[in-house]
Amino acid sequence: MKPSEKSSASDVYKDESAVWERVETLLKARNLAPEELWKEFALLSEQYQQLLRTTVKMTRISDKAQKKLITANEQIQQQQEALRETNAQLEHLNATLEQRVEEQTRVIRDQLEQLQEINLSYSRFVPFEFMEELGRESILNVELGDHVHDEMTVLFSDIRSYTSIAESMSPRETFNFLNTYLRRIGPAIREHQGFVNQYYGDGIMAIFPKSPDDAVQAAIKMLERVKQYNVTREKKGREPIHIGIGINTGMLMLGIIGDGWRADTGVVADTVNTAARLEGLTKYYGVSFIVSDTTVTQIPESQRYTLRFLDTVQVKGKKSAMKIYEVFNADPEELFEQKLQSLPEFEQGQRYYFARQFADAAKCFINVLNLMPDDLPTKHYLERSAKFMVEGVPDDWQGIQKMDVK
Amino acid sequence: MENLHLARKKDTLEIHFDADTGVLALEGASYPENPIEFFDPIYAWIQQYIDEAHGPLTVTIRINYLNTSSSKCILDFLEMLESYHKAGGVVQVDWYYEEDDEDMLETGEELCEDLELSYTMIPY
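Heads up: the sequence lines are chains A and B, in that order.
Throughout the first sequence, residue numbering follows the numbering used here, covering 1408 to 1813 in sequence.
Throughout the second sequence, residue numbering follows the numbering used here, covering 110 to 233 in sequence.
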């Protein structure tokens, strides 16, 4: 390499390049004395030795540096290989993991679906609404002794002459009949924010936690559905069925009762017994639907319903008397019109009756019976008026009718 | 005289010279495109210290890679120190190498062994 060439490598060897320039100068100078030439040669020899030493050193060092680079490169390759293997293992593990996660997810999903089905099945035995009232989200959280004390409306319904209907059918036919009937009637309760607390054969006990109005609307809808059901039954040549409904509103205790092994929902209150008694009274009065005054007074705009005051009664097992009303909105159209038309005369008769003017009362009731010969409430009033006219009225008579029927 | 400090770069050494204590530290890897451009100012600076301060020099070298040009520059640098030592200056070279790095130990020995200098090989 010529000294004049400019590069980083030549710069590094600038001292050695200077020696070479000196040699070139000496070669051009041909007139040097032998002694001077010898001196220059000796110096050049020493510098050559130095250059040789440096070259040897640099070669060794360079070899070491190259070896170090190669070793480092090999290590990097080994690490890359190891990394590739690790990556492959990770990918395999990842795939396995994904597969496991997928399997587990499927298992969990299946279990969840099963759990939802179990929950749904449980809800058929313990309604969601019941658990909601207890402040529980799931049947799993429900504990023996859970209870709530609140004002609610209770509905009882029953099929008239069920025993004689059942007698004419086989057990399987009876079973099918009951399920068909309940399947048609039951939804009316849920549609109005109620839930069935218990079935008693053909009887239904339902709770309406939110409003008494819900219960009245549900009862009317139940009666409407019975009418529709009867159309189907008549087409099949079967006898129509009739139901009675009693509704009462009041405080009740709703909770889980049992012995730790066997638990059930329970509703404990006088309100429930009274509602059951009112349902029983529908037979005595020959009407479909009776409500207590505690229910009527709590219904906003109760004039939306067509009500007929029936009586002041003391039901079996109760000391205090209560007023009861018939709601006849769901009666057959002709009967509905007759009841509506005769209502003023009926109410006038009741006023005479409670004022102990039984002769005048009787006249009114006869007028009503002329229009509705089979109206049992009017018949009862007429009979009582006649009795009091003949036998006289007890001194402590307050117009309260003691009911021994259940 | 002011201190000298050159920060470490990817391909050049970190240089720190404390003019008060005479301690010069070189650390890192060296494989610059133009090594003279990097080393010339250091030569000039050390020469100025020798000319002006005449103080003792302790040189600590902690290098993990040198390319060939850089090795030649370090050799020239050590020869400068040798000249200073021959002229009566007090010079100590401490060559540090990673415990398992035989190559850097041997490189240090290769660079120092023919010089009339006090040097020590120290593993870390």
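Beta carbons: idealized from backbone N, C-alpha and C, even for Gly.
Quick caveat, the model's predicted, so the values are computed rather than measured.
Below 8 Å on C-beta distance, what does residue i contact in chain B?
i: A1472/A; result: Y174, L175, N176, T177, S180, D212 and T216
Is it buried or exposed for residue i, if we count other Cβ within 10 angstroms and need 16 for buried?
i: Q1523/A; result: exposed
i: S1455/A; result: Position check: residue 1455/A holds Tyr in this sequence, whereas Ser was assumed. Exposed.
i: H1556/A; result: exposed
i: Q1521/A; result: exposed
i: E222/B; result: exposed
i: D1803/A; result: exposed
i: S178/B; result: buried
i: L1490/A; result: exposed
i: F1532/A; result: exposed
i: T1493/A; result: exposed
i: K1642/A; result: exposed
i: V1674/A; result: buried
i: K1809/A; result: exposed
i: E1540/A; result: buried
i: K1409/A; result: Low confidence applies to K1409/A: its pLDDT is 37, below 50, so where it sits in the model is not reliable, and the reading given next is rough at best. Label assigned to K1409/A: exposed.
i: G1667/A; result: exposed
i: I1515/A; result: exposed
i: W154/B; result: buried
i: L175/B; result: buried
i: M1629/A; result: buried
Compute the Euclidean distance between the alpha carbons of residue i and residue j, then round it to the nearest angstrom.
i: S1695/A; j: R1715/A; result: 12 Å
i: D1470/A; j: K118/B; result: 24 Å
i: G1542/A; j: V1734/A; result: 34 Å
i: D149/B; j: K1421/A; result: 12 Å
i: E1744/A; j: M1559/A; result: 32 Å
i: N127/B; j: K1464/A; result: First, the residue type needs correcting, since residue 127/B is Asp and not Asn in the sequence shown. In a straight line, the C-alpha of D127/B is about 30 Å away from that of K1464/A.
i: L1685/A; j: D1738/A; result: 18 Å
i: I1525/A; j: D1620/A; result: 33 Å
i: E1428/A; j: E219/B; result: 29 Å
i: L133/B; j: V200/B; result: 11 Å
i: M1576/A; j: N1583/A; result: 10 Å
i: F1537/A; j: K1770/A; result: 50 Å
i: I183/B; j: E207/B; result: 19 Å
i: T216/B; j: F186/B; result: 15 Å
i: E1580/A; j: R1590/A; result: 15 Å
i: Y268/B; j: L214/B; result: Because residue 268/B is not part of the residues shown, which for chain B are 110 to 233, the question remains open.
i: Y193/B; j: I159/B; result: 7 Å
i: E1505/A; j: A1495/A; result: 15 Å
i: Q157/B; j: E136/B; result: 22 Å
i: E1752/A; j: V1549/A; result: 54 Å
i: Q1624/A; j: Q1710/A; result: 13 Å
i: V1633/A; j: V1797/A; result: 42 Å
i: Q1705/A; j: D1811/A; result: 27 Å
i: Q1350/A; j: S1528/A; result: No answer is possible for residue 1350/A: the residues shown for chain A start at 1408 and end at 1813.
i: L115/B; j: R1507/A; result: 57 Å
i: D1782/A; j: N1774/A; result: 12 Å
So which residues of chain A does residue i contact, with C-beta pairs closer than 9 Å?
i: T184/B; result: Sequence inspection shows Leu at residue 184/B; the Thr mentioned does not correspond to that position. T1461, K1464, M1465 and I1468, listed in chain order.
With C-beta atoms as the reference, is residue i less than 7 Å away from residue j?
i: V1679/A; j: V1603/A; result: no
i: F1765/A; j: S1792/A; result: yes
i: Y1691/A; j: P1784/A; result: no
i: L1789/A; j: F1772/A; result: yes
i: D203/B; j: I172/B; result: no
i: Q1605/A; j: K1617/A; result: no
i: F1670/A; j: L1547/A; result: At residue 1670/A the sequence reads Ala, which differs from the Phe that was named. No, the Cβ-Cβ distance between A1670/A and L1547/A is not below 7 Å.
i: F147/B; j: T121/B; result: yes
i: I1663/A; j: A1728/A; result: no
i: L1659/A; j: A1676/A; result: yes
i: G131/B; j: G164/B; result: yes
i: E191/B; j: L224/B; result: yes
i: T1371/A; j: K1730/A; result: Residue 1371/A is absent from the structure shown; chain A starts at 1408 and stops at 1813.
i: I1611/A; j: S1564/A; result: yes
i: L1458/A; j: E1447/A; result: no
Positions along the segment 218-229 of chain B whose CB lies within less than 8 Å of some CB in chain A
The segment 218-229 of chain B vs chain A, Cβ under 8 Å: E219, L220 and D223.
Contacting positions in the segment 1475-1491 of chain A - beta carbon closer than 9 Å to chain B:
K1475, L1476, T1478 and A1479
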